[in-house]
Amino acid sequence: MIEFPRPVASTSERGVVPWITQRKGEEAAPTNLHILRRRGGSGLRLFYGDEDPRDRPVRGMLWARCSFNHGGDGVPVGEPLWRFVHPYRQMATMLAGRCQICTRPARTPLGFIFLAGPKDEDPTKPYILANQPPVCARHVRTTAKLCDHMEGNPMVFLANSAPLYGALGSVYGSGTDGDVRVVSSPEKPVAFSDPRAPLLLASQLVRRLSLFRVLDVDQLLAELAVAA
16 MIEFPRPVAS
26 TSERGVVPWI
36 TQRKGEEAAP
46 TNLHILRRRG
56 GSGLRLFYGD
66 EDPRDRPVRG
76 MLWARCSFNH
86 GGDGVPVGEP
96 LWRFVHPYRQ
106 MATMLAGRCQ
116 ICTRPARTPL
126 GFIFLAGPKD
136 EDPTKPYILA
146 NQPPVCARHV
156 RTTAKLCDHM
166 EGNPMVFLAN
176 SAPLYGALGS
186 VYGSGTDGDV
196 RVVSSPEKPV
206 AFSDPRAPLL
216 LASQLVRRLS
226 LFRVLDVDQL
236 LAELAVAA
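Here's what the structure looks like:
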């Protein structure tokens, strides 16, 4: 079961630190990976040598391990590593529909709020694959300021439908000497139904936004004020 701290946004010299941000001292665990044939002989699958159920939190997909640097209240502590997200905290917020900043439930009366940089996505596409967890209404402007790629002017996707799609990560295979190694790191998310999924070590959970409107921040906040 995923446990969240009480809703809180931790701070640093730069201001608020998103809950999903990786901290100094949080390190990737030794991989200890093996590739074995799945039960029933239906293809190969990536495993940890000492695996437990927490390693496959979503649709049976293997998740990257990373240590935790949490205080007694469950809030991450330590210097923020701004360019990195903690794989488990990212997965947890995306899976549960929680705000990536404070862990509050992110659903609003109008739907879920997903943000992207002004040049990151083509808003005319019929669907968007989102790896950034949603944000709650109170942290829309905060997120826009914290994330450099949003340039202070994010593209806002207000989604009524955002089913789980797959994950970003690395696909593993066996080398010529039998060792387990990365064979590809796809730029695009790997769907749960993709033949590569059993060999993926996932690091970011992805949702598929299919019913959404595209707004700017001011439009969003004005509509939320009316709906409140």
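All you need for the working numbering is the position in the sequence shown, starting with 1, plus 15. Where is the CB? At the ideal position from N, CA and C, for every residue including glycine.
First and last residue of the uninterrupted alpha helix (DSSP H) at residue 155:
155-161
Start-to-end residues for the alpha helix (DSSP H) that takes in residue 103
102-111
Take residue 19 as the anchor and find which of 238, 35, 153 has the nearest alpha-carbon.
35
What is the DSSP secondary structure of residue 27, counted as helix, strand or coil?
Caution applies to residue 27, whose pLDDT of 48 falls short of 50 and renders its modelled position unreliable; the model cannot decide the point.
Where does residue 184 land, buried or exposed, given buried means 16+ other C-beta within 10 angstroms?
buried
Where residue 230 sits in the DSSP three-state scheme:
strand
In the DSSP assignment, what are the bridge partners of residue 199?
186
Quick check on the burial criterion: 16 or more other C-beta atoms within 10 angstroms. Buried or exposed for residue 102?
buried
Can at least three beta-carbon pairs, one atom from the region 115-123 and one from the region 185-205, be found at a separation below 8 angstroms?
no
Identity of the residue in 40, 60, 33 nearest residue 213 by Cα:
60
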